[in-house]
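Heads up: the sequence shown begins at 866 in my numbering, then just goes up one per residue. A virtual CB, placed ideally from N, CA and C, is assigned to each residue, including glycine. From a predicted model like this one, the values you see are computed outputs, not experimental measurements. Here is the structure we will look at.
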Amino acid sequence: MSDKKIFIIEDDANILYGLESQLTADEFEIESSEGDEEIGELLDRLRLFEPDYLILDLILPKLDGFEIIKKIKEDLELADLPIFIFTDLSDEDSRQRSLTLGADYVFFKEEFDTFEFVEKMKRIITNQSREEDVNDEE
């Protein structure tokens, strides 16, 4: 599909493996974290990898997903990074809070398995690429 880079922050090994294998098969370059490092270290890794997209779970062992969104949006190098939330926190409050902090898309794990989530994400990315192509031509 592309040579785009995606950074995944997910502590559930099965979900992480599912996302990594599907996205790698679609020729995305993947870097991941289980959310068990300090926030500063995580932001350094993000800056170094320079991902095109971020997949973020809100519930992590050491870090607060909402805090991660906030820190990314405050960071000049990372502020424009599109954030896809994929979480077990399936209440409207979590969705609104994520979007208010700057996440671009919120998906609940109870509504989508990893395959469906990746398919939806790829459609969104493809549509964005098309829009960028159209804007480049104008």
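DSSP assignment within the stretch 925-1001 yields the following whole alpha helix (DSSP H) runs of 4 residues or more, N-terminal first: 930-939, 957-966. For GLU894, the enclosing beta strand (DSSP E) covers residues 894-898.
For TYR918, the pairing in a beta bridge is given by DSSP as ILE871. SER897 and GLU885 do touch by the CB rule: their CB atoms are close to 6 Å apart, below 8 Å. Membership of LEU923 in any alpha helix (DSSP H) is not indicated, and neither H nor E is assigned to it by DSSP. Nearest C-alpha to ASP876 among PHE914, LYS870, LEU911, LYS927: LYS927.
For GLU885, the enclosing alpha helix (DSSP H) begins and ends at 878-890. Note that the C-beta distance between PHE973 and THR952 is below 8 Å. Cα atoms of ARG988 and LEU888: separation of roughly 13 Å, rounded to the nearest angstrom. Judged by beta-carbon spacing, GLY883 lies beyond the 8 Å limit of THR991, meaning their Cβ atoms are not closer than that value.
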